[in-house]
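For the protein sequence lines, the chains are C and Z, in the order given.
So the first sequence is numbered by our numbering: it starts at 0 and just counts up by one.
So the second sequence is numbered by our numbering: it starts at 0 and just counts up by one.
Below you'll find the structure, written out as structure tokens, and then a few comments.
Number of protein chains: 2
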Amino acid sequence: MKRVKKKLFSDFIARKGLKSTRQRDTILEFFLASDRHMSIEELYLKVRAKHPNIGYATVYRTLKLFAEAGLAREIQFGDGQTRYEHVNEGEHHDHLVCTRCGTIVEFENPVIEKLQDEVAKSHGFLIETHKMELYGLCPKCRK
Amino acid sequence: MKRVKKKLFSDFIARKGLKSTRQRDTILEFFLASDRHMSIEELYLKVRAKHPNIGYATVYRTLKLFAEAGLAREIQFGDGQTRYEHVNEGEHHDHLVCTRCGTIVEFENPVIEKLQDEVAKSHGFLIETHKMELYGLCPKCRK
DNA sequence: GATGTTTATGAAAATCACTTTCATTACCAT
DNA sequence: ATGGTAATGAAAGTGATTTTCATAAACATC
Numbered sequence: 000m001k002r003v004k005k006k007l008f009s010d011f012i013a014r015k016g017l018k019s020t021r022q023r024d025t026i027l028e029f030f031l032a033s034d035r036h037m038s039i040e041e042l043y044l045k046v047r048a049k050h051p052n053i054g055y056a057t058v059y060r061t062l063k064l065f066a067e068a069g070l071a072r073e074i075q076f077g078d079g080q081t082r083y084e085h086v087n088e089g090e091h092h093d094h095l096v097c098t099r100c101g102t103i104v105e106f107e108n109p110v111i112e113k114l115q116d117e118v119a120k121s122h123g124f125l126i127e128t129h130k131m132e133l134y135g136l137c138p139k140c141r142k
Numbered sequence: 000m001k002r003v004k005k006k007l008f009s010d011f012i013a014r015k016g017l018k019s020t021r022q023r024d025t026i027l028e029f030f031l032a033s034d035r036h037m038s039i040e041e042l043y044l045k046v047r048a049k050h051p052n053i054g055y056a057t058v059y060r061t062l063k064l065f066a067e068a069g070l071a072r073e074i075q076f077g078d079g080q081t082r083y084e085h086v087n088e089g090e091h092h093d094h095l096v097c098t099r100c101g102t103i104v105e106f107e108n109p110v111i112e113k114l115q116d117e118v119a120k121s122h123g124f125l126i127e128t129h130k131m132e133l134y135g136l137c138p139k140c141r142k
């Protein structure tokens, strides 16, 4: 899996005439080893712990590149932080977010997706993407 | 309807031991007369046109109060602006957002809501709220 | 109505989370 | 090794809030 993502990125780099750098490799390594939903800040702190010479701006720019390359996706949970999640080919999922501890669980539901398409169609919209988040208490926080 | 909302707010003010002020009345008036999705900036500009003496901070703080009082709700469409929409008792709706012109259409779909509850339940979550936005091209922008 | 205590307001400063700038480095195809 | 780009890091800049603080308005209570 990691191998595939790395290839995806190096191909992207090559295709775009960009350069392969130590920093990008390092950041990709940390991103792939990370939880599925990281803010720039979170990833930056993890990276900086081992590589104090890598700056925030580089992490920021590299994450944008990952998104462009198709191996990450920006998401917003309304807490003022942009997060990046891993993208796996052909996979789309939505989120359950715990309002107490912040736990994020992913889920997929084809039936809901189909209904969304119908709603859009009935309003004459042509859907590109969607976002669905369910906020509440996770099993642990319900005690 | 407006009457009900005003009472809701004045009751809230009283309950919290806050004060009724000319500014708050004015801002509420403009909010109730507005489109359903206003950013702070948009409402501020509308208010300022008639009441140049009311500051941005007051609009900002008052909108937060409306949300607390339950007559407005904060929403984010990922464009970096916090918007406030009207809350009507017992009503929940989701949004279709045009990615070209920004048009926002509201919709409700009980079947989807039910499926969301089932998803949540299957993961042991107790849902408080949810957010669902479908992004794409509106009929006009599809040409 | 005057007064005293609180809360509210407006202007300006401060925050926050990015984004961009720019002088300096690092890549990499000769 | 070298010349031409692209990348990096530190710092400055942005945009949208959010907070601070001196002043003004409410709302009891005289």
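Glycine is no exception: its CB is placed at the ideal position from the N, C-alpha and C atoms.
Check: Threonine 25/C - DSSP class collapsed to helix/strand/coil; Outcome: helix
Check: Proximal residues of chain Z, C-beta to C-beta of proline 138/C below 8 Å; Outcome: His122, Gly123, Phe124
Check: Of the listed residues Gly77/C, Pro109/C, Lys6/C, nearest to cysteine 97/C (C-alpha basis); Outcome: Gly77/C
Check: Every unbroken beta strand (DSSP E) inside the region 12-73 of chain C [3 residues or more]; Outcome: 36-38
Check: Cβ distance (whole Å) where tyrosine 83/C is taken to contact glutamate 67/C below 8 Å; Outcome: Not really, about 12 Å apart at Cβ, beyond 8 Å.
Check: Cβ-based neighbour list, methionine 131/Z, same chain, cut-off 6 Å, excluding 5 preceding and 5 following; Outcome: Asp93
Check: C-alpha gap between isoleucine 126/C and proline 109/Z, whole angstroms; Outcome: 20 Å
Check: Sub-8 Å separation of isoleucine 53/C and arginine 47/C beta-carbons; Outcome: yes
Check: For glutamate 84/Z, three-class secondary structure by DSSP; Outcome: strand
Check: Proximity to histidine 85/C [Cα-Cα], best of Val118/C, His36/C, Gln75/C; Outcome: His36/C
Check: Residues that valine 3/Z bridges to, as DSSP identifies them; Outcome: Answer is none; valine 3/Z lacks a bridge partner.
Check: Identity of the residue in Arg21/C, Asp24/C, Arg23/C, Leu62/C nearest glutamate 41/C by Cα; Outcome: Leu62/C
Check: N- and C-terminal bounds of the alpha helix (DSSP H) containing glutamate 107/Z; Outcome: From DSSP, glutamate 107/Z is part of no alpha helix (DSSP H); its letter is neither H nor E.
Check: Partner residues on chain Z for valine 110/C, Cβ-Cβ distance less than 8 Å; Outcome: Leu114
Check: Counterpart residues of leucine 133/C in DSSP-defined beta bridges; Outcome: Leu95/C, His129/Z
Check: Proximal residues to cysteine 181/Z (C-beta, below 6 Å), its chain only, five neighbours per side dropped; Outcome: No answer is possible for residue 181/Z: the residues shown for chain Z start at 0 and end at 142.
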